[in-house]
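What follows is a single structure, written as structure tokens, with notes after it.
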Amino acid sequence: MTEDYIESVNKLRENFLTEKSQKVFRKWNKVMSFEFSDIGKTYHFKIENGTPNEIVEGEPEKSDVKITTDSETWVGVMSGEIGGMKAYTSKKLKVKGSMPDLLKLQKLMK
Amino acid sequence: MEEVFHLDDQLLKQELCKAMKELYSEKILTDIGGNLSFRSVDDPDTFWITPSGLKKDLVEPKDLIQMTLDGKVVEEHSIYSPSVEWPMHLRVYQEDEDFRFIIHSHAPLATAVSILEDPPEFQPFTAELAFLVPEIVIVPYQRSGSKELGEAVAEALWDSQILILQNHGVISISEESFQRASIKTRALEEYLQLYLNAKQFQGKLRRFPDWD
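Protein chains in written order, with my numbering: chain A, 17 to 126; chain B, 19 to 230.
Right, dumping it as structure tokens:
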């Protein structure tokens, strides 16, 4: 499971690297963090001009987008087994961030 | 026997003409302003665009002109020429294969904003409008029909797929349908009308609380 949920964070991170994402997010300088409440761990990565840095364990100083969920839900969402919107409306996944950022991020959560 | 729905160019040509008539009746398209196009589903390396010089509500499917993605008219025997804005449409389709529907209009309020020397900073006001028009982006002026206008649009459309063109009009791009592109164009007008209405009360405008 440990590898699965980190792999799923990495999958989202790598989604920033497609040609299309690089255009969509080219002006992004933000930090995304992921808090896994079931195991008490947080990971984050910084995005600089649309390009994500490596994943780091721990809470960042400031987070622009914060996803709080349990590791199983997260793996399910990123593998497509659980719909992102369903996880959100059933409160299994919480997202904190500005609406424009979240609207843009929707496209990467697939 | 169950009939299978099949999306083809003929159907999309009808959709285009329907959208064009609706937008013309709403005065979002005018006699001299606006053009529509879609990426062909039968041959995705081409697109269909409205002709130049034909009154907007008179355009029929037979009048549309097919062009290749390197800017050539497929059948030269049409009595009409493609809209002069074809380089802008072409450049959008070249930018990404998912872009499929374009409405270029001279929507009155957005076009009024396009000629302001120093436009106000618009804020999102309501959830629906914020969702449809997350950001009002104004593309710097380039001459109508020029390649440079296409380049400027291609650069800005990654920020928003509904754009105001300085001293010109509006372009709305959709990956889904003409209906979606029309809705975004109308939402932009509604957004600006709401701004004007609220300004008449002379109070401070309240930003949409869930935005940040």
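Backbone N, C-alpha and C define an ideal beta-carbon position, used for all residues, glycine too.
Item                                                                                                                                                                                                              : Value
Could you pull the start and end residues of the alpha helix (DSSP H) that B:His-122 belongs to?                                                                                                                  : Unbroken run through B:His-122 is the beta strand (DSSP E), 119 to 123; no alpha helix (DSSP H).
Can you look up B:Ser-192 in the DSSP assignment and give me helix, strand or coil?                                                                                                                               : strand
Should the region 145 to 158 of chain B be regarded as contacting the region 87 to 97 of chain B, the criterion being three or more beta carbon pairs within less than 8 Å?                                       : no
What are the partner residues of B:Ser-55, as DSSP defines its beta bridges?                                                                                                                                      : B:Ile-67 and B:Ile-120
Specify the secondary structure class of B:Ile-168 as computed by DSSP and reduced to three states.                                                                                                               : The identity of residue 168 of chain B in the sequence shown is Gly, whereas the question assumes Ile. Of the three classes helix, strand and coil, the one that applies to B:Gly-168 here is helix, per DSSP.
Leaving out the 5 sequence neighbours to the left and right, which residues in its chain are closer than 6 Å to A:Glu-51 when beta-carbon positions are compared?                                                 : Thr-58 and Thr-84
Rounded to a whole number of angstroms, what is the C-alpha to C-alpha distance between B:Ser-123 and A:Ile-55?                                                                                                   : 53 Å
Tell me the rounded alpha-carbon separation between A:Met-17 and A:Thr-89.                                                                                                                                        : Summary for A:Met-17: the model assigns pLDDT 48, below 50, so the residue's position carries little reliability; its value from the coordinates is reported in the next sentence. Taking the straight line from one Cα to the other gives about 11 Å.
I'd like to know whether the C-beta of A:Ser-114 is nearer than 8 Å to at least one C-beta of chain B.                                                                                                            : yes
Where does A:Leu-33 sit, in a helix, a strand or coil, going by DSSP?                                                                                                                                             : coil
How should B:Gly-168 be labelled, buried or exposed, when 16 other C-beta atoms within 10 angstroms of its C-beta is the threshold for buried?                                                                    : buried
Give the residues of chain A in contact with B:Glu-153, contact being defined as C-beta atoms less than 9 Å apart.                                                                                                : Pro-116
Could you check whether the region 69 to 79 of chain B touches the region 136 to 150 of chain B, counting it as contact only if at least three pairs of C-beta atoms, one from each stretch, sit closer than 8 Å? : no
Just the C-alpha distance for A:Tyr-104 and B:Glu-113, rounded to the nearest angstrom, thanks.                                                                                                                   : 33 Å
Would you decide whether A:Gly-99 is buried or exposed? Buried here means 16 or more other CB atoms lie within 10 Å of its CB.                                                                                    : exposed
To be precise: take each residue of the region 174 to 204 of chain B, compare its Cβ to all Cβ atoms of chain A, and keep it if any distance is under 7 Å. Which residues remain?                                 : Trp-176
Compare the Cα-Cα distances from B:Gly-51 to each of B:Glu-103, B:Tyr-111 and B:Arg-161 and report the closest residue.                                                                                           : B:Glu-103
The alpha helix (DSSP H) that contains A:Thr-105, what's its start and end?                                                                                                                                       : 100 to 105
Here's the rule: buried if 16 or more other CB atoms are within 10 angstroms of the residue's CB, otherwise exposed. What is B:Pro-62?                                                                            : exposed
Looking at chain B, is there any beta carbon in it that lies within less than 8 Å of the beta carbon of A:Leu-119?                                                                                                : yes
With H, G and I counted as helix, E and B as strand and the rest as coil, what does DSSP make of A:Ile-22?                                                                                                        : helix
Based on the DSSP secondary-structure assignment, which residues constitute the bridge partners of B:Met-85?                                                                                                      : B:Phe-65 and B:Val-91
Can you tell me whether B:Ile-201 is helix, strand or coil according to DSSP?                                                                                                                                     : helix
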